[in-house]
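Enquirer: So that you can map any letter, position 68 of the sequence shown is 68 in UniProt numbering, and since no number is skipped, the others follow by simple counting. Please see the structure below; I have some questions.
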Amino acid sequence: MRKANYTLLQAEELAKAYGHGRSKVAALLAFTGEVDSNGRVGVIGESGSGKSTLSRLLVGLERPSSGAVFWNGRNLASLTPREWRGFRKEVQYIAQDTSSSFDPRRSLLDSLLQPMRWLTDLDHGAALQRAEAVLTMLGLDIAAARGRPYDVSGGQRQRFAIARALVVQPSLLICDEVVSALDVSVQGSILNLLVDYCASNDAGLLFVSHGIPATAFISDELMVMHRGAVLERGPVAEVLRAPADPYTAGLLKAAS
């Protein structure tokens, strides 16, 4: 039985600017919103729209210029080290740039085992078993996992990044362009896997992408961003059928 929906992560008046004085550039403008359990929110927009900035702020990788992010009712800015550990276990971020998200000195397998050592109570044998199961689901094998990040292709490395997030069984996945580096033949299976994971674990998903077809497929809600602002947000079918903003209509026309 599915659990009742509840808010996993909430942002209030979240804003981010880079630079100072005249060179100051606003990357995100007063974003307010939330991601619920069982909810899959897709975020689309062109490069520079603020999508990636939003995702990094939501997981605490960057500090907001103003506003706040709340997890379990607690402001991320005031979490204790113990609470941060809980947050890192429950909220997993999968970055677009996998070349810098893996330690080149570690094997890919060790990069999967490390978060389980820190964030779960699994012993080594159980952690290895879980890693192998997740790798199999993603079409990867343990032999490739014993290599280093630079030993595999960009597409394979992206799947290892997804595996690293899934092994700790988070309640929220924040995915930034996670299928853009994958072959079209692989994209569908990864999208289906993410949908199945969320459904079977009552997990939420924030899916950031410039690819409208993939985002529409995986999401229940669609959020359109442009120049740091959210132009519209609503059920996927509704936004696709009757976009409320001319910018959204232009994006959809360009993608058709």
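For glycine and all other residues, C-beta sits at the position ideal for the given N, C-alpha and C. Being a predicted model, the structure only gives us computed values, none of them experimental.
1. Ignoring anything shorter than 3 residues or poking outside the segment 54-118, list the beta strand (DSSP E) runs there in chain order.
2. Where does Arg159 land, buried or exposed, given buried means 16+ other C-beta within 10 angstroms?
3. Between Ala237 and Ala203, what straight-line distance do the alpha-carbon atoms span, to the nearest angstrom?
4. Based on the DSSP output, what are the partners of Ile44 in its beta bridges?
5. Could you tell me whether the segment 233-251 touches the segment 49-69, where touching means 3 or more Cβ pairs closer than 8 Å?
6. How many whole angstroms separate the CB atoms of Lys51 and Val178, which I take to be in contact at a CB cut-off of 8 Å?
7. Whose CA, out of Pro235, Val168 and Ser256, lies closest to the CA of Gly211?
8. Using the beta-carbon count (16 or more within 10 Å), is Gly250 buried or exposed?
9. Might you give, ordered along the chain, the residues of its own chain that have their beta carbon closer than 8 Å to the beta carbon of Gly234, omitting 5 neighbours on each side?
10. Give the DSSP-derived three-state secondary structure of Leu231 in the structure shown.
11. Work out the CA separation of Asp103 and Leu135 for me, nearest whole Å.
12. If contacts are defined as beta-carbon pairs under 8 Å, then Val35 and Leu172 qualify, I think. What distance do you get, rounded to the angstrom?
13. Just how far apart, CA to CA, sit Ala145 and Leu108?
14. Answer with buried or exposed for Arg40, where buried requires no fewer than 16 other C-beta atoms within 10 angstroms of its C-beta.
15. Using DSSP bridges, identify the partner residues of Cys198.
16. Just verifying my parser: in three-state terms, what is the DSSP assignment at Gly250?
17. Count the other CB atoms within 10 Å of the CB of Tyr18; is the residue buried (16 or more) or exposed (fewer)?
18. May I ask you to verify whether the segment 160-170 touches the segment 81-94, counting CB pairs closer than 8 Å and requiring at least 3?
19. Do Leu8 and Lys16 have their CB atoms nearer than 8 Å?
20. Apart from the five residues on each side of it in sequence, which residues of its chain come closer than 8 Å, Cβ to Cβ, to Tyr150?
21. Quickly, what does DSSP pair Ala26 with across the bridge? List them, please.
22. How should Val184 be labelled, buried or exposed, when 16 other C-beta atoms within 10 angstroms of its C-beta is the threshold for buried?
23. Curious, which full-length alpha helix (DSSP H) runs of at least 4 residues does the segment 116-147 contain?
24. Measure from the alpha carbon of Ser219 to the alpha carbon of each residue in Leu58, Val167 and Ile174, then state which is nearest.
Expert: In this structure, then:
1. Restricted to the segment 54-118, the beta strand (DSSP E) segments that are unbroken, complete and at least 3 residues in length are 66-71 and 91-94, listed in chain order.
2. Around the Cβ of Arg159, a 10 Å sphere holds 16 or more other Cβ atoms; the residue is buried.
3. Rounded to the nearest angstrom, the two C-alpha atoms are 21 Å apart.
4. Beta-bridge pairing links Ile44 to Val224.
5. Remark: fewer than three beta-carbon pairs, one from each stretch, lie closer than 8 Å, so the segment 233-251 and the segment 49-69 are not flagged as touching.
6. That belief does not hold up - the Cβ atoms of Lys51 and Val178 are roughly 13 Å apart, past 8 Å.
7. That would be Ser256, whose Cα lies nearest to the Cα of Gly211.
8. Within a 10 Å sphere around the beta-carbon of Gly250 sit fewer than 16 other beta-carbons, which makes this residue exposed.
9. Glu221, Leu222 and Ala244, listed in sequence order.
10. Under the three-state reduction of DSSP, Leu231 is assigned to strand.
11. Cα to Cα, the separation comes out at about 19 Å.
12. Rounded to whole angstroms, the Cβ separation of Val35 and Leu172 is 6 Å, and the two are in contact under 8 Å.
13. Spanning the alpha carbons of Ala145 and Leu108 requires a straight line of approximately 5 Å.
14. Counting Cβ neighbours within 10 Å, Arg40 comes out buried, since at least 16 surround it.
15. Answer is none; Cys198 lacks a bridge partner.
16. Helix, per DSSP.
17. Exposure of Tyr18 is indicated by the presence of fewer than 16 other C-beta atoms within 10 angstroms of its C-beta.
18. By the criterion of at least three beta-carbon pairs nearer than 8 Å, the segment 160-170 is in contact with the segment 81-94.
19. Their beta carbons are not under 8 Å apart, which means Leu8 does not touch Lys16 by this criterion.
20. Cβ contact annotation for Tyr150 (same chain, cutoff 8 Å, sequence separation greater than five): Pro104, in chain order.
21. Within the DSSP bridge table, the entry for Ala26 names Ala17 as partners.
22. The C-beta of Val184 has fewer than 16 other C-beta atoms within 10 Å across all chains shown, which makes the residue exposed.
23. 124-137 and 142-145, all fully within the segment 116-147.
24. Of the listed residues, the one whose Cα sits closest to Ser219 is Ile174.
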